[in-house]
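**Q** Structure in structure tokens, see below.
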């Protein structure tokens, strides 16, 4: 089932992935339900419908405002034994998905779980590893650890008869219909298949907007409360209910509500507290204990702090969001967070697994690389992989030896041809962490730079010199935008660092220069030097950007309702809605990966620079 609303820009990729599936098309049907699109989506669908017998296209009589009605119609129209749900801006894996279908069908499983990848402008990552970490069948679905954390449609196949026999449908909601559908369906499934094959690709590239992005965190909290109320009325086995409630509390109301920059930066946190109080009240009145539902140590500390004192809670949230990455210490082969003074009365908080690179050693006539593992006693190491930087689709397993809290890998095995890579450790079946370059350091008087960096290996690629020279700018641009974070220096040889240039920052350039080795450099208007490598910077002509503010104002006024975000790409939930007439102080302009300008507020949030929504005051 593919619900469609104004997805013209993505439809061809989605449909082509179905056409390219390595499966007999007489065995499948692709059902597209258009929700009265105002672009050319429906016209495009009709063209494919006429060309391919397995593609069916329907259009609703009126716009429903969400995916629920189209999906429900698709379930009714379907003829197959199994159904899967695909968003019109995503795509299926042409090789992995057919294998997945065959596996689920051959075992007559009630539900199947496959590997999903999320594609963003920055990287390609596996998601919901706990639902696809092994090749297995005849699993009890509700017994899969953390399975209620993976509530969305991607990577799942459902037996259609279960949905029909139990009258399971998607509820029409602005947000959360996927979650409720999964909560209602999974307890009815008695057998599951799982595969490590890639089956589904989620499109989260910057230009892809959806209704979810229009729902801010405060709205979501109320919708999640409504879902909680519905769940508590469901007639399901107590053990399954506890797992569902655990997910709602830990993920929806701690991880994505309290443990957020939005909560941390909020000047009035009373709404957050009122909402969480409602959660606590609903759950305890239903006869459940909050402490039984919170199983993650970090979330336990947050809930303990919440019960103790709101000031303690706010201090803990601020620490976990800002300082925890660098404030750590080691005790008895385990790594712990170093609390600030006002939190030291809290129980210690350990990290499950932290691998640290220790260097190359000559042992028994052979070179080995040592990785020391700081972990909890119950943490079990499963495997070691070389993983391509920014793209987790490409991995290379490596053998290792385990001795005295360290992994030893033959030096010659740490090789991934023509690939830049990290080393990844898999533990507790599906959890992963990257090997760090340095151990932690804590001091009240200074800090160790780059102590949280992952170990990165860069390959000597064939023809490197020629390729690299082509990567440099040769003509002096007026302005460049940083594509990723880098340093600026006092001189062309890059010896003395001045400060960081952050991703999205626009820099004015006055001339080109070269290092002593002939590497091109850009000279900025303040006389500092930055890279001319086009992997890091791209030229931009501010004069050609029409309809947007491109010179940083001191303050602006909203002339048409818009959203305020905590990230420049507008990919995370909106912080709040800005009404017409709202005045905001601006500190800078930053650019997205697609070179769209955004205004950065003095509070560190972002809003559109589109002059149709914003006007400059001064």
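Residue numbers (UniProt numbering): 1 to 618.
Ideal Cβ positions, reconstructed from N, Cα and C, are used throughout, including at glycine.
Just so we're clear, the structure is a prediction, and the values are computed from it rather than from any experiment.
#1: Would you list, in sequence order, the uninterrupted beta strand (DSSP E) runs of no fewer than 3 residues that lie entirely inside the region 405-439?
#2: Is it a yes or a no for the region 73-92 touching the region 4-24, going by three-plus beta-carbon pairs under 8 Å?
#3: Under the three-state reduction of DSSP, which class applies to residue 441: helix, strand or coil?
#4: What does the Cβ neighbour count give for residue 103, buried or exposed, with the cut at 16 atoms within 10 Å?
#5: Which residues in the same chain have their Cβ closer than 7 Å to the Cβ of residue 376, if we skip the five residues on either side of it in sequence?
#6: To the nearest angstrom, report how far apart residue 359 and residue 457 are at their CA atoms.
#7: Beta-carbon within less than 7 Å of residue 480's beta-carbon, same chain only, minus the 5 sequence neighbours each way: which residues are those?
#8: Do you know offhand how far residue 394's Cα is from residue 387's?
#9: Would you mind giving the Cβ-Cβ distance between residue 437 and residue 357, rounded to the nearest angstrom? I have them listed as a contact below 8 Å.
#10: Restricting to Cα atoms, I'd like to know which of 297, 240, 311 is closest to residue 620.
#11: Quick check on residue 97: does DSSP put it in helix, strand or coil?
#12: Indicate the three-state DSSP secondary structure (helix, strand or coil) for residue 26 in the structure shown.
#13: Determine, using beta carbons only, whether residue 263 comes closer than 8 Å to chain B.
#14: If I follow the unbroken beta strand (DSSP E) through residue 598, where does it start and stop?
#15: State the Cα-Cα distance for the pair residue 176 and residue 609, rounded to the nearest angstrom.
#16: Is residue 494 helix, strand or coil by DSSP?
#17: Excluding the 5 residues flanking residue 124 on each side, which residues of the same chain have their C-beta closer than 8 Å to its C-beta?
#18: Could you work out which residue in 397, 342, 329, 412 is closest to residue 368 when comparing CA atoms only?
#19: For the region 143-157 against the region 183-203, do three or more pairs of beta-carbon atoms, one drawn from each stretch, fall closer than 8 Å, so that the two count as touching?
#20: Flag this pair as touching only if the region 570-589 and the region 598-615 have three or more C-beta atom pairs under 8 Å; answer yes or no.
#21: Run the CB neighbour count on residue 267, radius 10 Å, all protein chains shown included, and call it buried at 16 or more, exposed below.
#22: Where does residue 201 land, buried or exposed, given buried means 16+ other C-beta within 10 angstroms?
#23: If I follow the unbroken alpha helix (DSSP H) through residue 629, where does it start and stop?
#24: To the nearest angstrom, how far is the alpha carbon of residue 557 from that of residue 549?
#25: Rounded to whole angstroms, what's the CA-CA distance from residue 34 to residue 399? Just pull it up for me.
#26: Run through DSSP, which three-state label would residue 187 get?
#27: Roughly how far, in whole angstroms, is the beta-carbon of residue 303 from the beta-carbon of residue 290, given that I think they are within contact range, below 8 Å?
#28: Short check: CB of residue 470 to CB of residue 483, under 8 Å?
#29: Which same chain residues, not among the five before or five after residue 344, have their C-beta less than 7 Å away from its C-beta?
#30: Please work out which residues of its chain come closer than 6 Å, Cβ to Cβ, to residue 385, disregarding the five sequence neighbours upstream and downstream, and give them in chain order.
#31: Would you please state the rounded distance, in angstroms, between the beta carbons of residue 232 and residue 282? I believe it to be under 8 Å.
#32: What is the residue span of the beta strand (DSSP E) that residue 333 lies within?
#33: Is residue 115 near residue 126, with beta carbons less than 8 Å apart?
#34: Taking the straight line between their C-alpha atoms, what separation do you get for residue 320 and residue 328?
#35: So, at 6 Å on beta carbons, what are the nonlocal neighbours of residue 239 in its own chain, with the 5 sequence-adjacent residues on each side left out?
#36: One question on the structure: do residue 245 and residue 205 come within less than 8 Å of each other, judged by their Cβ atoms?
**A** Result, derived from the coordinates:
#1: Every beta strand (DSSP E) of 3 residues or more that sits fully in the region 405-439 is shown, in chain order, as 406-410, 421-427, 431-434.
#2: yes
#3: coil
#4: buried
#5: Contacts found: 334, 350, 352.
#6: 13 Å
#7: 507, 509, 522, 537, 538, 539, 540
#8: Approximately 6 Å, taken between the alpha carbons.
#9: 6 Å
#10: Since the displayed the chain opens at 1 and closes at 618, residue 620 lies outside it and no answer follows.
#11: helix
#12: helix
#13: Note that chain B does not occur in the displayed structure, where there is just one protein chain.
#14: 597-601
#15: 30 Å
#16: coil
#17: 117, 118, 390, 391, 392, 393
#18: 412
#19: yes
#20: yes
#21: Burial is judged here by how many other beta carbons sit within 10 angstroms of a residue's own beta carbon; residue 267 has fewer than 16 and is exposed.
#22: buried
#23: The displayed coordinates of the chain run from 1 to 618. Any statement about residue 629 would go beyond what the structure contains.
#24: A direct Cα-Cα distance of roughly 12 Å separates residue 557 from residue 549.
#25: Roughly 50 Å between the two C-alpha positions.
#26: Correct three-state label for residue 187: helix.
#27: 7 Å
#28: no
#29: none
#30: The residues are 395, 397, 424.
#31: Beta-carbon to beta-carbon, residue 232 and residue 282 are separated by about 6 Å, close enough to satisfy the 8 Å threshold.
#32: Unbroken run through residue 333: none, as it is neither H nor E.
#33: yes
#34: About 11 Å.
#35: none
#36: no
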